[in-house]
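**Student:** The structure under discussion is supplied below as structure tokens; questions concerning it will follow.
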Amino acid sequence: MTRREFEITDINEIVKILEKAKIIHLGLVDDGMPYLVPMNYGFEIIDGKLVIYMHSGLKGYKLDVIRKNPVCCFEIDCDIMPFEGKVACQYGTSYSSVIGRGEVEILEDAAERMDAMKKFMKTQTGRDFEFTDKMLSAVAMLRINVDEFTAKHRPAPETRANV
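For the sequence shown, my numbering assigns the number 2 to the initial residue and increments by one for each residue that follows.
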């Protein structure tokens, strides 16, 4: 991260971003070509490690790519607000984001799939749901085991120090 003054290191603040945002941009690589797909997600922090859950159809290009190459990157953002300035270089956008890398896996174990779906729905809706095996059989559940991530908040100029 170049602009360290915008870095967020407090895990509680990072969790607030992850709870507020609803879309993850998942980056994969297929035979040297990048592939980026927006998805809904859920998450949890386990012993200080970030774990992200997503769901998908049972077939498709995304799953084919993951099976060939599970290495991924991701970006999650919220609070996006463009701002203006007096000159062109003072225009910009305020936002909060989490960016990271890891490996994505397709969950096969029934208990893991159930747990992942519950965390997914809790993040997306704030509510707890119960699922049947039949309901879960209609979707693939994915988990990103995050190796590294950073978080950032770029404020609008009137809230930044040194402006």
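We put the beta carbon where it would ideally sit given N, CA and C, even for glycine.
As the structure is a prediction and not an experimental result, all values here were calculated from the model.
Which same chain residues end up closer than 7 Å to HIS83 when comparing Cβ atoms and leaving out the 5 residues on each side of it in sequence?
**Tutor:** Here residue 83 turns out to be Pro, not His, going by the sequence shown. Same-chain partners within the cutoff: THR94.
**Student:** What runs of the beta strand (DSSP E), each 3 residues or longer, lie entirely inside the region 14-72?
**Tutor:** 24-31, 34-41, 43-47 and 50-57
**Student:** For ALA162, is the classification buried or exposed, using 16 other Cβ atoms within 10 angstroms of its Cβ as the cut-off for buried?
**Tutor:** Because the pLDDT at ALA162 is just 46, under 50, the model does not fix this residue reliably, and the value given afterwards should be weighed accordingly. When all chains shown are included, ALA162 counts as exposed.
**Student:** Do CYS73 and GLY28 have their beta-carbon atoms positioned less than 8 Å apart in this structure?
**Tutor:** yes
**Student:** Do you know whose CA, among PRO158, ASN70 and LYS153, lies nearest GLU6's CA?
**Tutor:** LYS153
**Student:** Provide the residue span of the alpha helix (DSSP H) that contains THR126, from first to last.
**Tutor:** 111-126
**Student:** Comparing alpha-carbon positions, which option in TYR92, LEU108 and MET142 lies nearest GLU159?
**Tutor:** TYR92
**Student:** Starting from the Cα of LEU1, find the closest Cα among ASP48, TYR54 and GLU76 and give me that residue.
**Tutor:** Residue 1 lies beyond the stretch modelled for the chain, which goes from 2 to 164, so this question has no answer here.
**Student:** What does the alpha-carbon distance come out to for the pair SER98 and LEU59?
**Tutor:** 29 Å
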